[in-house]
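Trainee: First the structure, then my questions, so here it is.
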Amino acid sequence: MDISYIFVICLMALCSGGSSLSQVEGKQKSGRGRGSMWWGIAKVGEPNNITPIMYMDPAIHSTLRRKQRRLVRDNPGVLGALVKGANLAISECQHQFRNRRWNCSTRNFSRGKNLFGKIVDRDSRETGFVNAITAAGVTYAVTKACTMGQLVECSCDKAHMRRNGGQPQMVTAATAEAALERQQQAAMLRQQMPLQDQHPSQRLSRMNNASTMTDIAPVEHRGGRNRRPGGRRGRRKFWDNIKFPEGQWEWGGCSDNVNFGLRPSRVFLDAKQRQRRSDLGTLVKFHNNNAGRLAIRDAMRLECKCHGLSGSCTVKTCWLKMPPFREVAGRLRDRYDSARKVTLRNDGNSFMPESPHARPANKYQLVFADDSPDFCTLNSKTGALGTQGRECNVTSSGSDRCDRLCCNRGHTRRIVEEQTNCKCVFKWCCEVTCEKCLEHRAVNTCL
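Under mature numbering (1 follows the signal peptide of the UniProt record, and there is no 0), residues -20 to -1, 1 to 427 are what the sequence shown spells out, in order.
Shown next, in the form of structure tokens:
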């Protein structure tokens, strides 16, 4: 065969392969938007006015995927909790970053995945925080709705009462720790026992998610492998954060049912499109979603109340309760500051630290794949709004300090006159009257 003919055939094959590769790269690039359409439900109206049938509203229906529509259809009341969770997440995101160059702005963006602008088209720290805070917000709102009796599908968590036949039981920190140890040992034995040798109820418990607080095991999408952080170590992490009171106390019958709140959050937020083998963005998003959910679960605390005559503490009742959401958001902001940059492994199913000297991120840390854009100046391509016109503080030592927030461009100073209430007097009964006073305040604005 002519050598020149063989050369032409090889050249055509190479060109065809390069064309196919460029098409694949083009498809991956065109689908890079990491925004979530469901964010648009935050703008549909007052959460307390949301009814279950409203999932058919075009403004809501168009923002949800098929699995998400099925969830809100089959679980009346969940839609209102989802709207509350989305609004809570947006509000806290803007509060936590109010003094930073990126301030989680939703200005000029109406709905859907464009709610936060083009910033979320990158797998940056900012996108990671948005995904984590929205996952935490949904978990928090659904759990709170359970506790308040607003969902027919669940109620507050009475698992600790059920362990004693529904009756109160006096316990101490030592007995609580011992009971936890026994539960963990039994769980480890069940996991080691072959499935066919287990009691039917145990098989069902193992095949499904556990229903008690000690057996919470949300799916972990860390590194692209769907795992459940089971065993002694996963449950121990939760209880290590719980401070048992001194003396004797008894479990109350109504703890926050965070175990139920985790499930709708996972189903709703991880109702992701098909995961491509080399889609690092999907792996990063799932990881940060799970980190947001775990931030709620592992912030649970034991709250107690004394009962007795004349303020005595004859009986102390305790239950598990979520902390204020602002506290959770603050922890996620700290994890944003310490987020790890990752890259795809050769297997295409997991990620690893970009730096060979960095330790792998655990399931509680946030991760990102792309560097953040420059937020100093307006850039329509990256979605950065710039800091021009932002108010800064000349005396601050934090991120809102004028030279830092204004990116060393300088700032202007002006005196504004504000009307405030002053000299307020309480009149019996029941009225407070105030006078109007004028105050002068210096305002520094970035150039």
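Yeah, the Cβ is synthetic: ideal placement off N, Cα and C, and Gly gets one too.
Answer with buried or exposed for residue 428, where buried requires no fewer than 16 other C-beta atoms within 10 angstroms of its C-beta.
Mentor: Missing from the structure shown is residue 428; the chain here goes from -20 to 427 and no further.
Trainee: Using a Cβ-Cβ cutoff of less than 6 Å, which residues in the same chain neighbour phenylalanine 406 once the five nearest sequence positions on both sides are dropped?
Mentor: Answer for phenylalanine 406: Val412, listed in chain order.
Trainee: Where does proline 303 sit, in a helix, a strand or coil, going by DSSP?
Mentor: Of the three classes helix, strand and coil, the one that applies to proline 303 here is coil, per DSSP.
Trainee: Residue range of the alpha helix (DSSP H) that valine 132 falls in?
Mentor: Unbroken run through valine 132: none, as it is neither H nor E.
Trainee: Might you give, ordered along the chain, the residues of its own chain that have their beta carbon closer than 8 Å to the beta carbon of arginine 296, omitting 5 neighbours on each side?
Mentor: A small fix is needed here, since residue 296 is lysine in this sequence, not arginine. Result list for lysine 296: Pro225, Gly227, Gln228, Trp229, Glu230, Cys284, Lys285, Cys286 and His287, in chain order.
Trainee: For leucine 83, which of Arg384, Val63, Glu106 and Ser376 has the nearest alpha-carbon?
Mentor: The question names leucine, but residue 83 in the sequence shown is asparagine. Ranking Arg384, Val63, Glu106 and Ser376 by Cα distance to asparagine 83 puts Glu106 first.
Trainee: CB-CB under 7 Å to threonine 294, same chain, minus the five flanking residues each way: which ones, in chain order?
Mentor: Result list for threonine 294: His287 and Gly288, in chain order.
Trainee: Take arginine 313 and list the residues in its own chain whose beta-carbon comes closer than 6 Å to its own, dropping the five residues that flank it on each side.
Mentor: These residues qualify, in order along the chain: Gln76.
Trainee: Given that a residue counts as buried once 16 or more other Cβ atoms are within 10 Å of its Cβ, and exposed if not, what is alanine 422?
Mentor: Exposed, because fewer than 16 other Cβ atoms sit within 10 Å of the Cβ of alanine 422.
Trainee: With distance defined between alpha-carbon atoms, name the residue in Leu274, Ser360, Cys372 and Ser235 nearest to arginine 246.
Mentor: Out of Leu274, Ser360, Cys372 and Ser235, Leu274 has the C-alpha closest to the C-alpha of arginine 246.
Trainee: What's the C-alpha gap between threonine 400 and asparagine 373?
Mentor: If I take the Cα positions, the gap works out to 21 Å.
Trainee: Identify whether glutamine 399 lies in helix, strand or coil by the three-state DSSP scheme.
Mentor: It is a strand residue.
Trainee: Drop a sphere of 10 angstroms on the beta-carbon of glycine 65, count the other beta-carbons inside from all chains shown, and report buried for 16 or more, exposed for fewer.
Mentor: Glycine 65 comes out buried.
Trainee: Note down, in chain order, each residue of its chain lying with its Cβ closer than 7 Å to the Cβ of arginine 394, except the 5 sequence neighbours on either side.
Mentor: Same-chain partners within the cutoff: Val423.
Trainee: Taking all protein chains shown into account, do 16 or more other C-beta atoms lie within 10 angstroms of the C-beta of histidine 420, making it buried, or fewer, making it exposed?
Mentor: Exposed.
Trainee: Go ahead and label methionine 280 buried or exposed: buried means 16 or more other beta carbons lie within 10 angstroms of its beta carbon, across all protein chains shown.
Mentor: Its Cβ being crowded by 16 or more others within 10 Å, methionine 280 is buried.
Trainee: Using a Cβ-Cβ distance cut-off of 7 Å, determine whether tryptophan 231 contacts chain C.
Mentor: Looking for chain C here will not work: only one protein chain is present.
Trainee: What is the rounded straight-line gap between the Cα of threonine 114 and the Cα of isoleucine 222?
Mentor: Roughly 25 Å separates the two Cα atoms.
Trainee: With a cut-off of 8 Å on the beta carbons, I'd call lysine 98 and glycine 363 a contact; round off their distance for me.
Mentor: Contact flag correct, Cβ pair sits at about 3 Å.
Trainee: Alanine 422 bridges to which residues according to DSSP?
Mentor: According to DSSP, which records beta bridges pairwise, alanine 422 is partnered with Ile395.
Trainee: Return yes when the Cβ of arginine 320 is within less than 7 Å of the Cβ of valine 347, no when it is not.
Mentor: In this structure, arginine 320 lies closer than 7 Å to valine 347 by Cβ.
Trainee: Per the DSSP calculation, methionine 332 is bridged to which residue(s)?
Mentor: Looking at the DSSP assignment, methionine 332 forms a beta bridge with Thr323.
Trainee: Measure the alpha-carbon distance for tryptophan 408 versus serine 352 and round it to whole angstroms.
Mentor: Answer to the nearest angstrom: the Cα atoms are 57 Å apart.
Trainee: Between which residues of its own chain and alanine 338 is the CB-CB distance below 7 Å, once the five residues before and five after are set aside?
Mentor: Arg320, listed in sequence order.
Trainee: Mark glutamate 398 as exposed unless 16 or more other C-beta atoms lie within 10 angstroms of its C-beta, in which case mark it buried.
Mentor: It counts as exposed.
Trainee: Since asparagine 373 sits in a beta bridge, which residues does DSSP pair it with?
Mentor: Answer by DSSP bridge pairing, in chain order: Arg381.
Trainee: Roughly how many whole angstroms lie between the Cα atoms of threonine 43 and proline 244?
Mentor: Cα-Cα distance, rounded: 17 Å.
Trainee: Given this structure, state the Cα-to-Cα distance separating alanine 69 from glycine 390, to the nearest angstrom.
Mentor: Their Cα atoms are separated by approximately 33 Å.
Trainee: Does glutamate 72 come out as helix, strand or coil in the three-state DSSP assignment?
Mentor: Looking at glutamate 72 - three-state DSSP - the assignment turns out to be helix.
Trainee: Can you tell me whether phenylalanine 224 is helix, strand or coil according to DSSP?
Mentor: Note: phenylalanine 224 maps to coil in three-state DSSP.
Trainee: Taking all protein chains shown into account, do 16 or more other C-beta atoms lie within 10 angstroms of the C-beta of serine 318, making it buried, or fewer, making it exposed?
Mentor: When all chains shown are included, serine 318 counts as exposed.
Trainee: Could you pull the DSSP bridge partners for residue 432 from this structure?
Mentor: Since the first residue shown for the chain is -20 and the last is 427, residue 432 is missing from the structure and cannot be characterised.
Trainee: What number of angstroms, rounded off, separates the C-alpha of glycine 108 from the C-alpha of tryptophan 18?
Mentor: The alpha-carbon atoms of glycine 108 and tryptophan 18 are separated by roughly 16 Å.
Trainee: Using only alpha-carbon positions, find the residue among Asn359, Asn268 and Cys298 that is nearest to serine 235.
Mentor: The option with the nearest alpha carbon to serine 235 is Cys298.
Trainee: For valine 322, count the other beta carbons within 10 Å of its own beta carbon; 16 or more makes it buried, fewer makes it exposed. Which is it?
Mentor: Flag for valine 322 reads buried.
Trainee: Determine the extent of the beta strand (DSSP E) in which lysine 285 is found, giving its start and end residues.
Mentor: Start and end: 281 to 287.
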